[in-house]
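Down below is the structure, laid out as structure tokens.
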Amino acid sequence: MTTTEWITDIALVLVVFRQLREGRLDRRTFLIPLGIVAVVAYSYLDSVPTAGNDLVLIAALTAVGAALGIAGGVYTRIRPLDGHLMIKAGAVSAILWVLGMGARMGFQVWVEHGGGADDVARFSIAHHITSDQAWVAAFVLMAVTEVVTRVGTIYVRSRARAVAPAAAAAAPAPAPALDRTA
Numbered sequence: 020m021t022t023t024e025w026i027t028d029i030a031l032v033l034v035v036f037r038q039l040r041e042g043r044l045d046r047r048t049f050l051i052p053l054g055i056v057a058v059v060a061y062s063y064l065d066s067v068p069t070a071g072n073d074l075v076l077i078a079a080l081t082a083v084g085a086a087l088g089i090a091g092g093v094y095t096r097i098r099p100l101d102g103h104l105m106i107k108a109g110a111v112s113a114i115l116w117v118l119g120m121g122a123r124m125g126f127q128v129w130v131e132h133g134g135g136a137d138d139v140a141r142f143s144i145a146h147h148i149t150s151d152q153a154w155v156a157a158f159v160l161m162a163v164t165e166v167v168t169r170v171g172t173i174y175v176r177s178r179a180r181a182v183a184p185a186a187a188a189a190a191p192a193p194a195p196a197l198d199r200t201a
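The sequence shown begins at 20 in my numbering and counts up one residue at a time.
Structure follows, in structure tokens:
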């Protein structure tokens, strides 16, 4: 792995660790992770191979990324405080995030330095995966999907939290109850 790849992966892990402390939900909550994955996608996603079972591999890892992202977004606490929404990643959210990022990093280190290249080549041949670019696309799209679905889930949940108090405030006051005991 290059220094840039290490920095990018660590930055994505730190995004969630930053949220282990409760903080205000604002534009940075959404823009920082989306900006990081936009750079990653631009840098590493040259093409999406479609031969053999390349799309099956890509779809499978993209689905894993979506599941991790949605679960991470669901297990992130969002609560109102003083007219603002506060966000805090729970332990489950952080574990899922680190699991997804760590699995990609571990796979890459194993292939590059742990002797896994031959195993991946044999697996690829046996399962009709046509190139190493299919693996790159699958893991990049897994990361992008994990980030986008996590951020999207948090956004949808935050809008629901913001709408609920507004709807309660707009509801008409209940009619006074008549006391029939007098």
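C-beta atoms are modelled at their ideal positions from N, C-alpha and C, and glycine is treated no differently.
Pull up the distance between the alpha-carbon of residue i and that of residue j, whole angstroms please.
i: V170; j: I26; result: 21 Å
i: L31; j: H147; result: 32 Å
i: A85; j: G102; result: 31 Å
i: T22; j: A60; result: 17 Å
i: A162; j: A122; result: 10 Å
i: R10; j: R98; result: Residue 10 lies beyond the residue range present for the chain, which begins at 20 and ends at 201; the question has no answer from this structure.
i: V117; j: V56; result: 15 Å
i: E41; j: G54; result: 22 Å
Given residue i, which residues of its chain have a CB within under 7 Å of its CB, disregarding the five upstream and five downstream residues?
i: T149; result: P68, A70, G71 and D73
i: A136; result: V130
Taking the DSSP output, what are the residues bridged to residue i?
i: A153; result: Partner(s): none; A153 has no beta bridge.
i: T95; result: A108
i: G119; result: Bridge partners of G119: none, in fact.
i: L207; result: This structure cannot settle anything about residue 207, because the visible part of the chain is limited to 20 through 201.
What does a CB cutoff of less than 8 Å around residue i pick up in its chain, not counting 5 residues either side in sequence?
i: L39; result: K107, A108 and A113
For residue i, collect the residues of the same chain with a Cβ closer than 6 Å to its Cβ; drop the 5 residues on either side in sequence, then sort them by chain order.
i: I89; result: T168 and T172
i: E165; result: G84, L87, G88 and G119
Go ahead and label residue i buried or exposed: buried means 16 or more other beta carbons lie within 10 angstroms of its beta carbon, across all protein chains shown.
i: L100; result: exposed
i: S177; result: buried
i: A201; result: At A201, the pLDDT of 48 sits below 50, so the modelled position is not reliable; the number obtained from the coordinates is stated separately. Classification for A201: exposed.
i: R37; result: exposed
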